[in-house]
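If you count the sequence shown from 1, position 109 lands on 108 in numbering that gives the first Met the number 0, and the numbers rise without skipping.
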Amino acid sequence: MPTIAGRDNGLVTPVTKEPEQPEAPQRPLPRRGRGWVLLIGALVLLALGYAIVNIATQKPNKNTVHIAGVAEAQELFGGVPQEGARLGSEDAPVTVQVFSDEQSSLCREGFLATIPGLTEKFARPGSVKFLYRHYSNSENEIEYGFYGTEAAAEQGYGWQYAFLFYVNQEEADRFGVTEAENRRSGLRQNFLDSVAGGVEELNGDEWEEAFEQGREPESPMTKSLEAQQELGSKLGIRYGVAMVIEGPNGNETLQENPTLEEVEAAIEKVA
0 MPTIAGRDNG LVTPVTKEPE QPEAPQRPLP RRGRGWVLLI GALVLLALGY
50 AIVNIATQKP NKNTVHIAGV AEAQELFGGV PQEGARLGSE DAPVTVQVFS
100 DEQSSLCREG FLATIPGLTE KFARPGSVKF LYRHYSNSEN EIEYGFYGTE
150 AAAEQGYGWQ YAFLFYVNQE EADRFGVTEA ENRRSGLRQN FLDSVAGGVE
200 ELNGDEWEEA FEQGREPESP MTKSLEAQQE LGSKLGIRYG VAMVIEGPNG
250 NETLQENPTL EEVEAAIEKV A
């Protein structure tokens, strides 16, 4: 007798267990989503590369002053007595007046060729004192940079300041300090400020105040600079560094960048 579906006919219909469905694999990231990730990564790498190239090829700021010789100035003059224009012991038996213009390239050559050696051999031991005299080599009787050295000298650091000015004279030219005053005053001041910042232990605020006050037409500093120029004229000082050497045995005047050996011989002669 045929079996009718859905009717209980006493027969046990075996129950067939349906096979287990395998676990569905993790759904991959849609192709469009992967594209966005790759695009963002590429943009990040592009931006990073641009930043690296930009830093490597970036031109330096033209208004940044680079001062060289700071450590050398400290080593050369550190520990040597200074007061105002004087370098060396006040009681030294020999006096050397150094007439020079820190804004003159000719004076730069003569100053840097002699002063370091003279400082070590004579000023540091105390046998000779050196007096710095501003003497313009240009048509301007008082150069703009003279005030910076004088302001530093009021704190006993005039020789360090003058030395750094000579060493960095190319920077002074770039900022218009040693040329005709047709450049913005702010740029010239930027250079002079930077030289002051290179003099260790110099009080910047006091230096700036002395500089600003000194530049007044009737200030004591201006009158002192005028007197130094007049003294050089009376002594017949010419161009370049000149030295007037006085001692117990007479005096000598050396003109137009004397060599270190010539100055040493003159000192020995008058000592």
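Beta carbons: idealized from backbone N, C-alpha and C, even for Gly.
| Query | Result |
| --- | --- |
| Phe98 beta carbon less than 8 Å from that of Ala209 | no |
| CA-to-CA distance, Gln81 to Phe121, given in whole angstroms | 14 Å |
| Distance CB(Trp350)-CB(Phe76) smaller than 8 Å | It is not possible to answer for residue 350, since the shown part of the chain is limited to 0 through 270. |
| Pairwise C-alpha distance: Gly87 and Gly78 | 10 Å |
| Sub-8 Å separation of Tyr160 and Ala195 beta-carbons | yes |
| 8 Å Cβ cutoff met for Ser103 and Asn136 | yes |
| Terminal residues of the alpha helix (DSSP H) in which Gln102 lies | First-last for Gln102: undefined, no H or E at that position. |
| C-beta atoms of Ile244 and Ala265 nearer than 8 Å | yes |
| Ala84 beta carbon less than 8 Å from that of Leu130 | yes |
| Simplified DSSP assignment, three categories, for Phe190 | helix |
| Tyr238 versus Ile141: straight-line alpha-carbon distance, rounded | 15 Å |
| Beta-carbon proximity check, Ser218 vs Gln227, cutoff 8 Å | no |
| Selection from Glu260, Leu234, Leu111, Leu191 that minimises the alpha carbon distance to His65 | Leu191 |
| Euclidean distance between Cα positions of Ile114 and Glu260 | 12 Å |
| Selected residue, minimal CA-CA separation from Glu215, among Tyr143, Ala112, Thr94 | Tyr143 |
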